[in-house]
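J.: Order-wise, the sequence lines are chains A and B. The numbering of the first sequence is my numbering, which starts it at 14 and goes up by one. The numbering of the second sequence is my numbering, which starts it at 14 and goes up by one. Even glycine gets a Cβ: it sits at the ideal position worked out from N, Cα and C. Okay, here's the structure, questions in a sec.
There are 2 protein chains.
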Amino acid sequence: MTEHQISRRRFVGAAAAGAAGLAVPGTARADGHGRSHRRRRHVDVAIVGAGFAGLAAARAIAAQRRSVLVLEARDRVGGRAWNRPLGDGEVSERGATFVGPTQNRILALAKAVGVRTFPTYDTGDLLYIAADGHRLRYTDTGPTGNAPPDPAILGDLARAVVMLDTLSKDVPVAKPWTAAKAAEYDSQSVQSWAAAQGFSPAFDALLPVLTRPTWGAEPRELSLLFTLGYIAASGDEQHPGTFERNSETRGGAQQDRFVGGSQVVAEKVARALDGRVVLRSPVRRITQRGGRVRVEGDGPAVTAKQVIVAIPPALAGRIDYDPLLPPARDQLTQRWGQGALTKVTAVYPKPFWRDAGFAGQLLSTNGLISVTFDDSPPGGSPGVIFGFVGGDQSRAYGRLAPAERRTRILAELAGAFGDEALHPTTFFDTPWSEEQWTRGCPVGIPAPGTLLGYGPALREPAGRIHWAGTETADYWQGYMDGAVRSGERAAAEALAAL
Amino acid sequence: MTEHQISRRRFVGAAAAGAAGLAVPGTARADGHGRSHRRRRHVDVAIVGAGFAGLAAARAIAAQRRSVLVLEARDRVGGRAWNRPLGDGEVSERGATFVGPTQNRILALAKAVGVRTFPTYDTGDLLYIAADGHRLRYTDTGPTGNAPPDPAILGDLARAVVMLDTLSKDVPVAKPWTAAKAAEYDSQSVQSWAAAQGFSPAFDALLPVLTRPTWGAEPRELSLLFTLGYIAASGDEQHPGTFERNSETRGGAQQDRFVGGSQVVAEKVARALDGRVVLRSPVRRITQRGGRVRVEGDGPAVTAKQVIVAIPPALAGRIDYDPLLPPARDQLTQRWGQGALTKVTAVYPKPFWRDAGFAGQLLSTNGLISVTFDDSPPGGSPGVIFGFVGGDQSRAYGRLAPAERRTRILAELAGAFGDEALHPTTFFDTPWSEEQWTRGCPVGIPAPGTLLGYGPALREPAGRIHWAGTETADYWQGYMDGAVRSGERAAAEALAAL
């Protein structure tokens with residue numbers, strides 16, 4: 014039995030047995046047919062969603078000895094962090110994977126629950142496949158760093174990064190809509206911005222390869238203002254964000270991984286909450302009346318003084334609110350769609366690419382996969398490689414028959430790392446757009462033109478409702494760190510309002 | 014008692030008494046607390062939403078002697094067409110108002126239920142207020158037509174219209190994502206497109222005044238591809254769409270009005286459906302299983318062979334589907350937000366502006382209101398004028414205190430038509446973003462970058478679920494005519510699948 018399985022049972026068991034901090038313990042199971050066990054619970058703060066945002070919020074509230082209950086739709090915690098057991102206690106990460114410098118809050122949380130990090134495997138050569146199929150093997154200790162030393166793209170890539178970093182410095186973290194040039198930037202997609210720069214066709218082909226893993230989106234879907242804000246947020250209060258810190262492995266957001274897989278951090282936080290997390294409890298309605306909030310759905314009904322909704326805006330908009338949400342907040346949820354991202358994973362007896370001198374990192378402009386990483390456990394066995402299939406490629410992948418998906422992906426891996434890639438012991442994909450309680454990954458993205466009109470509604474509480482989730486973060490929006498930050502911020506709001 | 018009130022009672026009464034065409038008649042009332050009278054009804058086709066799309070679909074299905082039931086969330090039919098009684102049997106239109114040439118399907122429907130049209134009041138001078146506050150009075154029989162003869166804008170306006178009309182000719186109606194230059198157009202907002210044309214600052218100030226009433230959006234929020242598709246759709250199979258037909262009064266989409274107000278057409282269609290429309294019945298869940306569809310919510314539960322969801326994509330996405338919607342369709346609903354539009358209406362004993370030689374039509378780049386029209390009943394009493402407040406102006410208006418709203422709007426009307434405007438007998442606004450069952454007007458707008466990735470999912474059925482609503486129309490998307498067309502198309506789909 015894996016740790017994942019053990020902890021899943023523990024939550025349900027603890028909740029069913031009743032738990033400290035709850036005025037009225039009750040059963041945790043919904044019957045799965047839309048009716049709920051209506052035994053009412055009363056808490057200071059109810060939380061919707063047991064991803065990192067909701068869990069961090071619950072932890073902060075419990076630490077102040079206030080009562081809290083987290084309602085989670087799924088039968089597991091972690092949200093976009095989700096381990097897949099590989100046998101022998103090893104796991105692969107189906108969603109959020111990496112952590113890096115300045116991601117202080119997720120690192121502190123992991124440390125607090127005793128989860129260690131280890132370096133992402135980053136030894137050996139990198140691979141780049143150009144739009145014409147040309148394959149380039151290179152080392153990131155060369156003069157171009159981790160940028161492929163392809164003359165057709167190198168100049169434009171350096172120019173684009175400098176421009177984006179420079180422009181991002183004038184975009185205030187957490188409030189990009191207040192930038193001096195917000196109207197100009199929010200009127201442009203990254204695609205139309207790039208078109209105006211006169212980049213080479215080779216760089217134009219590379220651009221979506223950069224946006225697909227990061228946002229699950231094509232450059233045409235991204236507001237330049239949002240993108241600049243995202244870069245500005247790739248740091249912390251002491252270290253201004255940069256494109257490089259966002260995109261790099263060593264020294265960047267892909268530098269480290271969690272021993273046991275990222276979800277184990279969420280599981281340990283949830284376990285420490287000792288019964289305050291109820292699984293299989295989608296929330297359908299939030300009613301504010303008479304100085305209280307009632308939270309109802311397929312699980313137990315909860316009344317609370319304050320509520321934290323710690324799910325992406327697009328999903329938050331699907332809850333029925335009474336009274337209605339303010340129009341700006343409601344329309345925000347209509348325009349902040351989740352990215353389109355599928356993670357494809359192949360498992361081998363060992364990471365054979367390491368023997369061939371590869372780090373397992375591919376950047377490809379010529380296939381479904383944009384980027385790969387070595388996701389093997391710390392001991393290096395089994396060998397796990399995953400690829401990001403995002404934006405138009407994710408949508409195209411979704412239209413393929415399952416057998417075709419596997420064939421296409423393995424062929425791409427073989428084209429990069431050799432024919433041994435054709436014979437994994439396990440292949441699986443994680444199409445996040447099909448996940449009912451996420452409906453897209455890695456993050457919600459406001460369409461061009463949206464931040465300027467609706468940005469202020471992103472975090473503004475609606476009465477006793479506070480908004481969390483990585484989309485609402487200041488730093489590291491879209492990352493586990495941003496989720497934790499958002500949860501801690503929302504908890505502070507809710508505590509102050511008690 | 015107004016016709017509106019009479020017909021409302023009739024629907025509920027007829028439904029409560031049971032009605033022909035239903036296998037199992039049942040009660041029509043929900044108790045308003047989220048629980049429903051679960052007596053089951055079985056029909057060939059269930060329809061969600063009694064706007065023009067749903068009603069036209071129901072009419073087409075009933076005409077084929079198939080059983081049909083329409084579930085409507087509100088306590089009225091008509092959706093975005095909504096009359097406000099003014100006393101003495103007269104009404105003002107809070108939403109959809111006008112019809113014009115090539116809008117053949119709404120005109121045929123109105124004729125079939127005996128509702129006549131009359132010309133929009135269009136006699137007298139027009140008014141233009143420039144960004145600098147300069148007021149220009151002019152006649153549309155002059156050489157510039159209904160374009161303000163302001164040299165600062167005239168050339169650019171003519172150039173922009175010719176460009177948009179020309180570009181739109183290569184955008185296929187109903188499938189703009191298949192245009193040869195779809196990727197190029199969908200990557201640009203109307204704002205970034207305009208910025209590249211080198212228009213004058215005066216024209217730049219005019220541009221949002223054109224987009225706010227039409228889409229409830231700023232130029233930065235609009236995909237150029239979507240906008241070109243909308244222009245292409247402003248016609249019919251024999252008459253290619255043009256910007257002019259969309260924007261003009263005489264010869265255009267604002268040419269005529271319905272006697273009794275636009276909602277009366279919906280009411281008469283609903284009455285002819287004789288109990289097949291159930292009010293106060295929001296749909297919460299649609300389950301496809303075993304060759305049947307179950308439609309459930311606060312009203313009666315219905316099982317059907319096929320279902321037509323005739324509401325905007327953003328609201329359709331808030332229904333709980335089992336099995337889940339295909340990911341492309343689900344993500345479409347996350348990115349197709351309703352426009353931001355508030356209609357402000359002032360009622361006077363008589364249309365005093367007519368005596369002063371004004372048509373009541375204002376185009377203003379210098380206030381909350383972008384455009385006004387004379388909305389007086391055919392007999393000219395009382396005098397009714399309404400204004401469109403859209404996009405950023407609608408959002409700004411929503412942040413004002415109610416008293417401030419009235420003061421600001423009346424001051425703008427007085428600045429245009431004289432001080433008599435300061436003293437209406439009635440003033441009211443209709444902030445469509447606050448309407449729970451519309452959540453924005455006049456239409457849903459796909460963000461830049463969306464049509465290319467998600468357009469094909471707009472109308473593609475999800476099993477036994479067919480999609481209607483003006484957003485899914487071929488011609489006259491966003492208008493009552495498009496709603497009727499979409500309903501008739503979805504009905505044909507559903508009938509063929511029975």
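1. For a minimum of 3 consecutive residues, which ranges assigned as the beta strand (DSSP E) are wholly contained in the region 50-113 of chain B?
2. State whether the region 302-311 of chain B contacts the region 457-467 of chain B, with contact taken as three or more CB pairs (one from each stretch) at a distance under 8 Å.
3. What does DSSP give as the partner residue(s) for residue 377/B in the beta ladder?
4. What would DSSP say about residue 236/B, mapped onto helix, strand or coil?
5. Please go through the region 298-327 of chain B and give each complete beta strand (DSSP E) segment of 3 or more residues, from N-terminal end onward.
6. Mind pulling the chain A residues with CB within less than 8 Å of residue 435/B?
7. By a C-beta neighbour count over all protein chains shown, 10 Å radius and 16 as the cutoff for buried, is residue 254/B buried or exposed?
8. Using only the alpha-carbon positions, how far apart do residue 309/B and residue 445/B sit?
9. Within the chosen definition, does the region 357-375 of chain A reach the region 427-437 of chain A through at least 3 CB pairs nearer than 8 Å?
10. Can you look up residue 276/B in the DSSP assignment and give me helix, strand or coil?
11. From the DSSP output, in three-state form, read off residue 123/B for me.
12. Got a sec, what are the start and stop residues for the beta strand (DSSP E) residue 134/A sits in?
13. In terms of residues, what are the limits of the alpha helix (DSSP H) holding residue 396/B?
14. Are three or more beta carbon pairs between the region 410-428 of chain A and the region 70-87 of chain A nearer than 8 Å?
15. Return the bridge partner residues of residue 458/A from the DSSP annotation.
16. Does residue 383/B come out as helix, strand or coil in the three-state DSSP assignment?
17. Determine the direct distance from the alpha carbon of residue 489/B to that of residue 188/B, and round the result to whole angstroms.
18. Closest Cβ-Cβ distance between residue 341/A and chain B: below 8 Å?
19. Can you name the start and end residues of the beta strand (DSSP E) that residue 439/A belongs to?
20. Leaving out five residues before and five after residue 231/A in sequence, what residues of the same chain have Cβ atoms less than 8 Å from its Cβ?
21. Once the 5 residues before and after residue 486/B are set aside, which same chain residues still bring their CB inside 6 Å of it?
22. State yes or no: is the beta carbon of residue 411/A nearer than 8 Å to at least one beta carbon in chain B?
23. If we cut at 8 Å on Cβ distances, does residue 484/B have a partner in chain A?
24. Would you say residue 377/A lies against chain B (beta-carbon separation less than 8 Å)?
25. Kindly list, in the order they appear in chain A, the residues whose Cβ is closer than 7 Å to that of residue 327/B.
26. Which residue wins for smallest C-alpha separation from residue 352/B, given the options 276/B, 328/B and 452/B?
27. Determine the chain A residues that contact residue 350/B at a beta-carbon separation under 7 Å, and present them in chain order.
28. Please decide whether residue 444/B counts as near chain C, where near means a Cβ-Cβ distance under 8 Å.
29. Do residue 306/B and residue 320/B count as a contact pair if the criterion is CB distance below 8 Å?
30. Any heavy atom of the ligand GDP closer than 7 Å to the CB of residue 105/A?
31. Hey, residue 349/B and residue 457/B are a contact pair by Cβ (cut 8 Å); roughly how many whole angstroms apart?
32. Please report the straight-line C-alpha distance between residue 98/B and residue 390/B, rounded to a whole angstrom.
33. Are any of the Cβ atoms in chain B nearer than 8 Å to that of residue 415/A?
34. Any beta-carbon of chain B closer than 8 Å to the one on residue 275/A?
35. In this structure, does DSSP put residue 182/A in helix, strand or coil?
36. Can you look up residue 361/B in the DSSP assignment and give me helix, strand or coil?
T.: In this structure, then:
1. 54-61, 81-84, 96-100 and 103-106
2. Taking 8 Å as the limit for Cβ pairs, the verdict is that the region 457-467 of chain B does not touch the region 302-311 of chain B.
3. 142/B
4. strand
5. 305-310 and 315-322
6. The contacting residues do not exist; residue 435/B stays about 28 Å from chain A at best.
7. buried
8. 26 Å
9. yes
10. helix
11. helix
12. Element bounds for residue 134/A: n/a, residue is neither H nor E.
13. Counting along the chain, residue 396/B sits inside no alpha helix (DSSP H); it lies in the beta strand (DSSP E) bounded by residues 396-403.
14. Flag = no, the region 410-428 of chain A and the region 70-87 of chain A do not touch.
15. 350/A
16. coil
17. 13 Å
18. yes
19. 439-444
20. 204, 221, 224, 225, 404 and 405
21. Same-chain partners within the cutoff: 495, 498 and 499.
22. yes
23. No, because no Cβ of chain A sits closer than 8 Å to the Cβ of residue 484/B.
24. no
25. Near residue 327/B (Cβ distances below 7 Å), the residues of chain A are 347.
26. The shortest Cα separation from residue 352/B among 276/B, 328/B and 452/B belongs to 452/B.
27. 344, 347 and 348
28. No chain C is present in this structure, whose protein chains are A and B.
29. yes
30. With respect to the ligand GDP, the structure shown offers nothing to examine, as it has no ligands at all.
31. 5 Å
32. Cα to Cα, the separation comes out at about 11 Å.
33. no
34. no
35. coil
36. strand
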